[in-house]
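So the structure is just underneath, and the comments pick up after that.
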Amino acid sequence: MEDEGHADDTRQFVLSNLTAYRVSTIPCVLCNTQLPVFDRYPLVDGTLFLTPQDYNAQSIRVFVGGRWLYLSAVCVHCLMGIQTCVVCKNCNARWDGSSHQLGTMYTYDILAANPCCPHRVSCKACGKPVRDPSEGTHFYSEYSTSIQCPHCGVPDYHFIKPLSTFKQVSDGLAC
Numbered sequence: 001m002e003d004e005g006h007a008d009d010t011r012q013f014v015l016s017n018l019t020a021y022r023v024s025t026i027p028c029v030l031c032n033t034q035l036p037v038f039d040r041y042p043l044v045d046g047t048l049f050l051t052p053q054d055y056n057a058q059s060i061r062v063f064v065g066g067r068w069l070y071l072s073a074v075c076v077h078c079l080m081g082i083q084t085c086v087v088c089k090n091c092n093a094r095w096d097g098s099s100h101q102l103g104t105m106y107t108y109d110i111l112a113a114n115p116c117c118p119h120r121v122s123c124k125a126c127g128k129p130v131r132d133p134s135e136g137t138h139f140y141s142e143y144s145t146s147i148q149c150p151h152c153g154v155p156d157y158h159f160i161k162p163l164s165t166f167k168q169v170s171d172g173l174a175c
């Protein structure tokens, strides 16, 4: 039998945490569609991710790497912009999740990983930029870490913004 290594660890992590909560589905954080979780890959019809942000009341709280995070999901329709697309309320840029691998789990917040405008890199306390967006691409996981604002000194997950900073737009209008 072939050793799946890290993939099998991920599968066991997801399944054991869902079992602990006695659930077999997980909601899409964007459209609330309940996604059944399968015991083989692909785990969901979408993708799973870990985030320090509690996006909804059905979040699965997990302990990973010495800190509490939330196991969350985005369905394939929201990832691909099928029927509706997800748009930043500040700059109207479309959030594009099509590059994410379906059915697996990312260890960072996929909604924060590609900031589209200055608001997405601003401090939650003072509103000033924590990072210069013109510096180029950083590691995706850097946008899911707590950092100290260079202006006011407040540590926070500054790049992870509430879902209320996004809007869903019907297909054809902005997709």
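Quick note on the UniProt record's numbering: the sequence shown kicks off at 1 and runs consecutively. Glycine included, C-beta positions come from ideal geometry on N, C-alpha and C.
The residue from Q148, P115, D132 with its alpha-carbon nearest to that of Y140 is P115.
According to DSSP, Y106 shares a beta bridge with F49.
Residue ranges of uninterrupted alpha helix (DSSP H) with 4 or more members, entirely inside the stretch 66-110 and ordered along the chain, are 76-80.
A straight-line Cα-Cα distance of about 24 Å links H119 and Y106. Here K161 is buried, its C-beta having at least 16 other C-beta atoms within 10 Å. Non-local C-beta neighbours of K124 in its own chain, meaning closer than 7 Å and more than five positions away in sequence, comprise D156, H158, ordered along the chain.
Note on geometry: alpha-carbon atoms of H151 and V121 lie some 13 Å from one another. CA-to-CA, the gap between K167 and A7 works out to about 33 Å. I26 has L35 as its beta-bridge partners, per DSSP. Contact check for T165 and N90: beta-carbon distance about 7 Å, within the 8 Å limit, so the pair qualifies. Three or more pairs of CB atoms, one per stretch, sit closer than 8 Å, so the stretch 68-82 contacts the stretch 26-34.
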